[in-house]
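The block underneath contains the structure these notes are about, expressed in structure tokens.
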Amino acid sequence: MGLMCLRGAGFLKTIPPLSFPELGNWSILQSFMNNELNSLVGLTKEKGCTFLEGLLKNGWLLKLIFKCGCVEKSLATWTFFLMLYSSKEELRSSACEFWCAILSSKIQVGMQPIEIDWYPSYPELKSALETYGFLFNFSSNISAENSSGCKGPPQNIITWIKFTAVYCQVRCNKQSILLTSDCQELAEVILCLFLDRRLEGLSVLMRNCMQSIISSFTEEEWINSYSRIAKSIASRVPTDLNCLRAVQCISGVDPRTKHLKSVVAFEILVNCFENKVHDDVGILTLLISINVKEKACDFFKMYIYLVLAENWLRYDEMFSDKPVICEMWGVFLRNCSCQISSSDLRPRASEVRNKAAFLLQGIGNS
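Structure below.
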């Protein structure tokens with residue numbers, strides 16, 4: 005079960021009104037109505053929203069914006085709320101494309117940047133998730149019985165993820181109002197979304213979004229943020245197979261992503277041992293002390309410890325410079341691979357043995 009509970013289908017809170025009377029004051033719409041040709045069309049303020057929806061869906065609204073070079077507040081707000089809350093797929097997709105295009109103009113080489121009179125704040129993004137049913141503070145001990153009754157989230161979550169990815173990209177160019185703390189929480193939120201099995205079809209979108217969020221931090225911000233993100237994620241995930249999924253969801257080849265993966269795995273290990281130790285030597289000492297020959301040995305937990313430790317050390321760029329840690333890791337792997345018999349029929353015993361043997365072989369070849 006994921007760390008967000010999308011209870012029921014559709015919206016769980018009242019959505020903001022999607023009618024914007026102030027759109028009638030949009031300068032370009034006013035120029036349409038004041039044109040003598042309007043006598044043939046009969047465009048009025050009352051019909052303005054319907055008219056603009058048509059322009060939005062066929063792409064002409066975006067062309068007009070690139071022509072005039074500015075998005076007024078009323079238009080920006082209207083398209084933003086359509087993107088997040090409209091029940092009509094064509095409208096929300098068109099609104100998302102509109103926002104992604106005007107934001108991308110800020111960062112794409114050779115494009116004239118569009119002046120945007122209003123930028124959405126993080127509370128507005130967060131409010132949308134709450135409307136979709138995202139619970140920011142909940143216990144991981146929600147019963148499977150309750151979770152099985154959950155249906156899929158509103159389709160608007162797709163446009164939310166797409167927009168968030170682009171919004172974080174432009175933050176690198178100081179073109180959004182997202183704070184460091186906002187991006188920290190967004191990283192946690194996306195990882196929680198990853199863990200909801202109903203959203204597995206969106207994994208590519210979420211992976212791109214996570215990459216955008218990680219890249220949006222300045223170097224100084226990242227140094228002060230990665231540990232906080234990792235500890236928060238570790239505190240949210242239960243110490244079962246979901247915690248392994250959480251680590252696996254952090255994928256990427258760039259140094260920041262690899263480092264975050266390592267630190268998240270380490271912090272989850274700390275939680276597995278109930279915060280008894282908080283350093284690498286202490287963690288490995290506890291792992292080595294586990295007697296795999298005891299009948300009461302929990303190999304399900306051992307498997308989780310093994311995979312977490314693998315990810316922690318594999319993606320720690322300083323691992324090779326820590327001879328004591330390397331040696332202790334080897335001792336733990338030998339304990340698991342040599343002290344568990346190939347004929348051991350205890351649940352998960354063979355998985356732990358084979359996994360450890362494979363990792364030990366990798367150490368020997370490195």
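If you use our numbering, the sequence shown corresponds to residues 5 to 370, in order.
C-beta atoms are modelled at their ideal positions from N, C-alpha and C, and glycine is treated no differently.
Source: prediction; values computed, not measured.
Item	Value
Backbone CA spacing between I285 and L248 [nearest angstrom]	Here residue 285 turns out to be Val, not Ile, going by the sequence shown. About 22 Å.
Other residues of its chain near K166: CB distance less than 7 Å, five sequence neighbours each side excluded	C100, C104 and L209
Selection from S125, E224, S131 and I162 that minimises the alpha carbon distance to L182	S125
Beta-carbon separation (whole angstroms), C340 vs L310, contact threshold 8 Å	7 Å
CA-to-CA distance, A132 to S91, given in whole angstroms	14 Å
8 Å contact criterion, which I292 and F336 should meet: CB distance rounded	5 Å
Beta carbon of H263 nearer than 8 Å to that of V274	no
Inter-residue CB distance, T163 and M87 (contact presumed, cutoff 8 Å)	5 Å
E4 vs P259 beta-carbon contact at 8 Å	In the structure as shown, the chain starts at 5 and stops at 370, and residue 4 therefore has no counterpart that could be examined.
Boundaries of the alpha helix (DSSP H) in which W164 is found, first to last residue	N160 to R175
C74 (DSSP reduced to helix, strand or coil)	strand
Enclosing alpha helix (DSSP H) for K130 [first to last residue]	Y126 to Y136
Touch test, the segment 345-354 against the segment 317-334, Cβ-Cβ under 8 Å, three pairs minimum	no
DSSP state of I120 mapped onto helix, strand, coil	strand
Buried versus exposed, by CB contacts within 10 Å (16 or more), I227	exposed
Same chain, Cβ closer than 7 Å to I69, neighbours up to 5 away in sequence not counted	V75, I106 and I118
Residue range of the unbroken alpha helix (DSSP H) whose run includes D284	D284 to S293
Given F138 as reference, the closest of L195, V113, G73 and W316 once Cα atoms are compared	L195
Neighbourhood of Q116 by C-beta distance below 7 Å, restricted to the same chain and skipping five residues each side	G73 and S109
Buried or exposed (CB count within 10 angstroms, at least 16 for buried), I272	buried
Inter-residue spacing [alpha-carbon to alpha-carbon] between E134 and V356	40 Å
Simplified DSSP state of Y319, which is helix, strand or coil	coil
Beta-carbon proximity of S403 to Y307, cut-off 8 Å	Nothing can be reported for residue 403, as the shown portion of the chain is limited to 5 through 370.
Beta strand (DSSP E) runs contained entirely in the segment 87-114, provided each spans 3 or more residues	none
Coarse secondary structure for L337, derived from DSSP in three states	helix
Cβ neighbour criterion (16 or more within 10 Å) applied to P127	exposed
Chain D within 8 Å of I106, Cβ atoms only	No chain D is part of this structure, which consists of one protein chain only.
Coil, strand or helix - F277 by DSSP	coil
Pair within 8 Å by beta-carbon distance, E93 and K61	no
Proximity to S229 [Cα-Cα], best of Y89, D186 and R202	D186
Proximity winner among K130, L129, Y136 and E57, relative to S98 (alpha-carbon distances)	E57
Closest Cα partner of F304 within the set Q112, L245 and D200	L245
C-alpha distance - F221 paired with G63, whole-angstrom precision	33 Å
Nearest to R201 (by Cα), restricted to the options I287, T54, A250 and Q365	A250
Residue from L206, V174, R211 and C176 with nearest C-alpha to A191	R211
CA-to-CA distance, K77 to K71, given in whole angstroms	17 Å
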